[in-house]
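**Student:** My structure is below; once you've seen it, I'll send some questions.
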Amino acid sequence: SNTRNLLKYKHPMDFFNNRAIASCTVLVAFSSYFTVRVFSKAKKSNLTFNEIVNAKEQNKPKKSILYTRTGDKGTSALYNGQRRSKADQTFHALGTTDELNSTIGIAREHCIIARNGLDQLLAEIQSRLFDLGAAIATPRDSSSEEKMNRTKFPPESTIELECALDELDSKLPKLTNFILPSGGLAAAHLQLARSVCRRAERSVIPLLETGEIDSEVGKYLNRLSDFLFCAARFSSHFEGKKEILWEPKK
6 SNTRNLLKYK HPMDFFNNRA IASCTVLVAF SSYFTVRVFS KAKKSNLTFN EIVNAKEQNK
66 PKKSILYTRT GDKGTSALYN GQRRSKADQT FHALGTTDEL NSTIGIAREH CIIARNGLDQ
126 LLAEIQSRLF DLGAAIATPR DSSSEEKMNR TKFPPESTIE LECALDELDS KLPKLTNFIL
186 PSGGLAAAHL QLARSVCRRA ERSVIPLLET GEIDSEVGKY LNRLSDFLFC AARFSSHFEG
246 KKEILWEPKK
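Per my numbering, residue 6 is the first one in the sequence shown, and the count goes up by one each step.
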């Protein structure tokens, strides 16, 4: 039957072209149907609070462990079990350190895109900030020796920062003027993380002065802000971006 069909066309390729057109028509129709189905499903996946609440009444899912309701009256617990007001200086320090970690996370994503080689260092720093938070959440004046030993912040972490800072700085041109946060998205976000780090450092000073936390916590945050400044310059230099200099008002 293919031979008889072939004789209807003036040129043999017309037969195959016609078949191809028919196949493409079917493919386009299928693709359109599939696209409509996908977008219809995507549209249905948009959630509203009313739908979620109504579904919960029917399905009765297990309560999430992400909320406990124990802090609804404005208090929270430290690692040693002691409950304090969320306005306590310890929680100010913990909150600012958490904010710093999130800010570094954004900077790290930009570093990954820039491929400047800083992402692994930043990931390690984020983990050390969790260790730092554990040390802050274990006040020395009201915690057992076992808990303090478990959350003691190691001085080696500060030494590692210094080594990394020295390595990065050795690859940079000498700084001869104040620079503005600039030099690309990765560099600018690292500068933002640096300024948040300075605030985190200020938040732990009252706790250091009263002896509630170990001095290594303050040392690490102090050194980290220096590292982030250097990392920002390194990123800018790596990407070939211009560092904008401060120009005093004349």
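Where is the CB? At the ideal position from N, CA and C, for every residue including glycine.
For the alpha helix (DSSP H) containing Ser-230, list its first residue and its last residue.
**Tutor:** Within the sequence shown, numbered from 1, the residue matching residue 230 stands at position 225. For Ser-230, the enclosing alpha helix (DSSP H) has its first and last residue at 220-244.
**Student:** Please return the same chain residues whose Cβ sits closer than 7 Å to the Cβ of Asp-174, not counting the five positions on each side in sequence.
**Tutor:** Taking the first residue of the sequence shown as 1, we reach residue 174 at position 169. Excluding positions up to five away in sequence, the list reads Cys-235.
**Student:** Per DSSP, Ala-82 forms a beta bridge with which residues?
**Tutor:** Against the sequence shown, residue 82 aligns to sequence position 77. Answer is Arg-88.
**Student:** Just to confirm my understanding: we take Lys-176, look at its own chain, exclude 5 residues before and 5 after, and list those with CB closer than 8 Å. What are they?
**Tutor:** The residue labelled residue 176 in the question sits at position 171 within the sequence shown. Taken in chain order, the residues that qualify are Phe-239 and His-242.
**Student:** Beta carbon of Ser-147, beta carbon of Gln-87: below 9 Å?
**Tutor:** Here residue 147 refers to the residue found at position 142 when the sequence shown is read from its first residue. Here residue 87 refers to the residue found at position 82 when the sequence shown is read from its first residue. The answer is yes: Cβ separation under 9 Å.
**Student:** Phe-96 and Ser-107: beta carbons closer than 9 Å?
**Tutor:** What you label residue 96 is simply residue 91 of the sequence shown in a count that begins at 1. What you label residue 107 is simply residue 102 of the sequence shown in a count that begins at 1. It is not a contact, given that the beta carbons lie outside the stated cut-off.
**Student:** Ala-192 and Leu-126 - do their beta-carbons sit closer together than 9 Å?
**Tutor:** Here residue 126 refers to the residue found at position 121 when the sequence shown is read from its first residue. Here residue 192 refers to the residue found at position 187 when the sequence shown is read from its first residue. Cβ distance not < 9 Å, so Leu-126 and Ala-192 don't count as in contact.
**Student:** Let me make sure I understand the geometry here. Which of Ala-142, Thr-73 and Gly-122 has the alpha-carbon closest to that of Asp-103?
**Tutor:** For the purposes of this step, residue 103 is identified with residue 98 of the sequence shown, where counting begins at 1. The candidate whose alpha carbon is nearest that of Asp-103 is Ala-142.
**Student:** Is it right to say Ile-218 is buried, meaning 16 or more other beta carbons lie within 10 angstroms of its own, or is it exposed?
**Tutor:** Indexing the sequence shown from 1 puts residue 218 at position 213. Buried is the call here.
**Student:** Which same chain residues end up closer than 8 Å to Leu-250 when comparing Cβ atoms and leaving out the 5 residues on each side of it in sequence?
**Tutor:** The sequence position of residue 250 within the sequence shown is 245, counting from 1. These residues qualify, in order along the chain: Asn-182, Phe-183, Ile-184 and Leu-185.
**Student:** Report all residues from its chain with a CB closer than 6 Å to the CB of Leu-83; omit the five preceding and five following residues, and keep chain order.
**Tutor:** Counting from 1 along the sequence shown, the entry for residue 83 is found at position 78. The residues are Ala-142.
**Student:** Does the beta-carbon of Phe-262 have 16 or more other beta-carbons within 10 angstroms, so that it is buried, or is it exposed?
**Tutor:** No statement about residue 262 is possible, as the shown extent of the chain runs from 6 to 255 and does not include it.
**Student:** Could you give the first and the last residue of the continuous alpha helix (DSSP H) run that contains Leu-212?
**Tutor:** As a position in the sequence shown, residue 212 is number 207, starting the count at 1. It spans 190-214 - the alpha helix (DSSP H) in which Leu-212 sits, taken as one unbroken run.
**Student:** Give a yes or no on whether 9 Å exceeds the smallest Cβ distance from Asn-55 to chain C.
**Tutor:** Considering every chain present, this structure includes no chain C. It has just one protein chain.
**Student:** Drop a sphere of 10 angstroms on the beta-carbon of Phe-54, count the other beta-carbons inside from all chains shown, and report buried for 16 or more, exposed for fewer.
**Tutor:** Numbered from 1 along the sequence shown, position 49 holds the residue referred to as residue 54. Classification for Phe-54: exposed.
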